[in-house]
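Trainee:
Chains as they are written, first to last, in our numbering: chain A, 1 to 183; chain B, 184 to 349.
(1) Compute the Euclidean distance between the alpha carbons of residue 298 of chain B and residue 339 of chain B, then round it to the nearest angstrom.
(2) In terms of residues, what are the limits of the alpha helix (DSSP H) holding residue 322 of chain B?
(3) Closer than 7 Å by beta-carbon distance: list the chain A residues that pair up with residue 284 of chain B, in chain order.
(4) Whole angstroms is fine: what's the gap from residue 39 of chain A's alpha carbon to residue 197 of chain B's?
(5) With respect to the alpha helix (DSSP H) encompassing residue 92 of chain A, which residues constitute its N-terminal and C-terminal limits?
(6) With a threshold of 8 Å between beta-carbons, can residue 14 of chain A be considered close to chain B, or not?
(7) Does residue 300 of chain B get closer than 8 Å to chain A when you measure Cβ to Cβ?
(8) Let me know the secondary structure DSSP gives residue 234 of chain B once reduced to three states.
(9) Straight-line CA distance for residue 29 of chain A to residue 152 of chain A?
(10) So with CB distances below 9 Å, who are the chain B contacts of residue 150 of chain A?
(11) Cβ closer than 8 Å: which chain A residues qualify as neighbours of residue 268 of chain B?
(12) So, is the C-beta of residue 98 of chain A closer than 8 Å to a C-beta in chain B?
(13) Under a three-way DSSP split, which group does residue 240 of chain B fall into?
(14) Check whether the Cβ atoms of residue 150 of chain A and residue 91 of chain A lie closer than 8 Å to each other.
(15) What did DSSP end up calling residue 204 of chain B once you bin it into helix, strand or coil?
(16) If the cut is a Cβ gap below 7 Å, which residues of chain A does residue 232 of chain B touch?
(17) Following the continuous alpha helix (DSSP H) through residue 150 of chain A, name the residue where it begins and the one where it ends.
(18) Under 8 Å, do residue 11 of chain A and residue 256 of chain B count as touching if we go by C-beta distance?
(19) Is there a Cβ of chain B sitting closer than 8 Å to that of residue 48 of chain A, yes or no?
(20) Is the segment 217-225 of chain B touching the segment 65-73 of chain A in the sense that three or more CB pairs, one from each, lie closer than 8 Å?
(21) My guess is that residue 337 of chain B and residue 80 of chain A are in contact by the Cβ rule of under 8 Å, so how many angstroms apart are they, rounded?
(22) In whole angstroms, give me the CA-to-CA distance for residue 184 of chain A and residue 258 of chain B.
(23) Just the Cα atoms here: how many angstroms apart are residue 226 of chain B and residue 247 of chain B?
(24) Determine the chain A residues that contact residue 288 of chain B at a beta-carbon separation under 7 Å, and present them in chain order.
(25) Counting contacts by CB-CB distance shorter than 8 Å, is residue 161 of chain A in contact with chain B?
(26) Could you spell out where the alpha helix (DSSP H) holding residue 19 of chain A opens and where it closes?
(27) Quick one: using the 10 Å Cβ neighbour count with 16 as the cut-off for buried, is residue 330 of chain B buried or exposed?
(28) By the three-class DSSP mapping on this structure, what secondary structure does residue 38 of chain A have?
(29) Going by DSSP, what residue range makes up the alpha helix (DSSP H) through residue 61 of chain A?
(30) Using only the alpha-carbon positions, how far apart do residue 127 of chain A and residue 230 of chain B sit?
(31) Out of curiosity, what's the CA-to-CA distance linking residue 112 of chain A and residue 296 of chain B?
(32) Can you look up residue 76 of chain A in the DSSP assignment and give me helix, strand or coil?
(33) Please confirm whether residue 71 of chain A has its beta-carbon closer than 8 Å to some beta-carbon of chain B.
(34) Thinking C-beta only, is residue 53 of chain A closer than 8 Å to residue 159 of chain A?
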């Protein structure tokens, strides 16, 4: 029961963050994909960088092991393409679906029901594909295994690079605004 | 309290908070944030009720927290919108450009949702927040999924929305 309440509280926090960050707005997502607005990219990059720092810290104190596991390359490519089509059509990230319902977008309910149906349909599709297609498996699934360094060294370097990218994006946006003012 | 009444927060603040949420989630549940986990659990739960055997059924009982997480997002977004005095909208305003009726928009939403659901399952739950967690852990599958999403979403968006703007 405690775990469910914790999940609920965490969800409330994430819901507030999604609403305040405007990430649930389809307009923001579409503008990001059209490279007209970088709010989503900046939020995602900072979230990845901070997560990477957090995981590195947990890895350093030996509380977390960043494991390598195998995955099917074709599965991931096909899945990514389908998610991309869906995001382009609705401007909705999977995490934003419940948040959109919370702020009153009726269409988000249809997306949620479609998502649940899609998750169920997968089993039938996968069963069908599995019979006819032999899918190649990638065994090493993390960059630091390839580089042969522990995660707590590679993680902060990666996070720092992402923060540099965010600073560059900020500078680009500032320059754009200045140009717009001059016009 | 005044912070919660603000209409929006800077992306740097939101991104930092999202990243920091990984810490309690990992320490308490040994998990990383996933936006689509609840969707998968509900789908598996329905298949379970219908007595359709699936591999993932074993996980259903222990992942109810992700359904609560999904519900919590609805509640959090609702109260955040209410406190910041956000006007209620029935539809994402960029869909106005297409002049679709509500039923047509819901149908498009449903079809896009089906694609999303299948995609999430194929990509191994690698969508949005899970994507953030797997890229932060430098997992190849997260990086490949992100690349594939952008590969199809960017040109499709240009085709769909730039032509409408012009």
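Built from N, CA and C at the ideal position, the CB exists for glycine as well.
Mentor: With the structure as the only source:
(1) The count along the second chain starts at 1 and reaches residue 298 of chain B at position 115. The count along the second chain starts at 1 and reaches residue 339 of chain B at position 156. Using only the alpha carbons, I get a separation of about 15 Å.
(2) In the second chain, the residue the question calls residue 322 of chain B occupies position 139. Premise fails: residue 322 of chain B is in no alpha helix (DSSP H) and is neither H nor E.
(3) Within the second chain, numbered from 1, the residue matching residue 284 of chain B stands at position 101. Correct list: empty, because the minimum Cβ distance to chain A is about 11 Å.
(4) The residue given as residue 39 of chain A occupies position 39 in the first chain. The residue given as residue 197 of chain B occupies position 14 in the second chain. Cα to Cα, the separation comes out at about 10 Å.
(5) Working through the first chain from its first residue, we reach residue 92 of chain A at position 92. Note, residue 92 of chain A: premise wrong, no alpha helix (DSSP H); not H, not E.
(6) Here residue 14 of chain A is taken as the residue at index 14 of the first chain, counted from 1. Yes, residue 14 of chain A counts as interfacial toward chain B.
(7) Taking the first residue of the second chain as position 1, residue 300 of chain B is located at position 117. Yes, its Cβ sits closer than 8 Å to a Cβ of chain A.
(8) As a first step, residue 234 of chain B is located in the second chain; it is residue number 51 there, counting from the start. Looking at residue 234 of chain B - three-state DSSP - the assignment turns out to be coil, as it is neither helix nor strand.
(9) Indexing the first chain from 1 puts residue 29 of chain A at position 29. Indexing the first chain from 1 puts residue 152 of chain A at position 152. Going by the C-alpha atoms only, they are around 32 Å apart.
(10) For the purposes of this step, residue 150 of chain A is identified with residue 150 of the first chain, where counting begins at 1. In chain order: nothing, as chain B lies at least about 12 Å away.
(11) Counting from one through the second chain, the residue named residue 268 of chain B turns up at place 85. Neighbours of residue 268 of chain B on chain A: none; closest Cβ ~12 Å, over 8 Å.
(12) Working through the first chain from its first residue, we reach residue 98 of chain A at position 98. Residue 98 of chain A counts as touching chain B.
(13) Within the second chain, the letter at position 57 stands for residue 240 of chain B. Note on residue 240 of chain B: pLDDT 43, under 50, position unreliable in the model; no value is reported.
(14) Counting from one through the first chain, the residue named residue 150 of chain A turns up at place 150. Counting from one through the first chain, the residue named residue 91 of chain A turns up at place 91. It is not a contact, given that the beta carbons lie outside the stated cut-off.
(15) Within the second chain, numbered from 1, the residue matching residue 204 of chain B stands at position 21. Looking at residue 204 of chain B - three-state DSSP - the assignment turns out to be coil, as it is neither helix nor strand.
(16) Taking the second chain and counting its residues from 1, one reaches residue 232 of chain B at position 49. Ordered by position in chain A, no residue passes the 7 Å Cβ test against residue 232 of chain B, which lies about 11 Å from the chain.
(17) The residue you call residue 150 of chain A lines up with position 150 of the first chain. No alpha helix (DSSP H) holds residue 150 of chain A; DSSP gives it neither H nor E.
(18) Taking the first chain and counting its residues from 1, the one referred to as residue 11 of chain A is at position 11. Taking the second chain and counting its residues from 1, the one referred to as residue 256 of chain B is at position 73. Cβ atoms of residue 11 of chain A and residue 256 of chain B: closer than 8 Å.
(19) For this step, residue 48 of chain A is matched to residue 48 along the first chain. Answer yes: the Cβ-Cβ gap between residue 48 of chain A and chain B drops below 8 Å somewhere.
(20) no
(21) Residue 337 of chain B sits at position 154 when you count from the first residue of the second chain. Residue 80 of chain A sits at position 80 when you count from the first residue of the first chain. Residue 337 of chain B to residue 80 of chain A, Cβ: 13 Å. No contact.
(22) For chain A, the structure presents residues 1 to 183; residue 184 of chain A sits outside this window and is missing.
(23) For the purposes of this step, residue 226 of chain B is taken as the residue at position 43 of the second chain. For the purposes of this step, residue 247 of chain B is taken as the residue at position 64 of the second chain. Cα-Cα distance, rounded: 12 Å.
(24) Here residue 288 of chain B is taken as the residue at index 105 of the second chain, counted from 1. Neighbours of residue 288 of chain B on chain A, chain order: 107.
(25) Numbered from 1 along the first chain, position 161 holds the residue referred to as residue 161 of chain A. Cβ-Cβ to chain B under 8 Å: no for residue 161 of chain A.
(26) Taking the first chain and counting its residues from 1, one reaches residue 19 of chain A at position 19. Residues 2-20.
(27) In the second chain, counting from the first residue as 1, residue 330 of chain B sits at position 147. Residue 330 of chain B is exposed by the Cβ-count criterion.
(28) Numbered from 1 along the first chain, position 38 holds the residue referred to as residue 38 of chain A. The answer is coil: DSSP assigns residue 38 of chain A none of H, G, I, E or B.
(29) Walking along the first chain from the start, residue 61 of chain A turns up at place 61. Counting along the chain, residue 61 of chain A falls outside any alpha helix (DSSP H), and DSSP gives it neither H nor E.
(30) In the first chain, residue 127 of chain A corresponds to position 127, counting from 1. In the second chain, residue 230 of chain B corresponds to position 47, counting from 1. Going by the C-alpha atoms only, they are around 15 Å apart.
(31) Numbered from 1 along the first chain, position 112 holds the residue referred to as residue 112 of chain A. Numbered from 1 along the second chain, position 113 holds the residue referred to as residue 296 of chain B. Each residue's alpha carbon lies about 6 Å from the other.
(32) Residue mapping note: residue 76 of chain A aligns to position 76 of the first chain, counting from 1. Correct three-state label for residue 76 of chain A: helix.
(33) Position 71 of the first chain, counted from the first residue, corresponds to residue 71 of chain A. Output row for residue 71 of chain A: interface = yes.
(34) Taking the first residue of the first chain as 1, we reach residue 159 of chain A at position 159. Taking the first residue of the first chain as 1, we reach residue 53 of chain A at position 53. Against a cut-off of 8 Å, the Cβ pair of residue 53 of chain A and residue 159 of chain A comes out as a contact.
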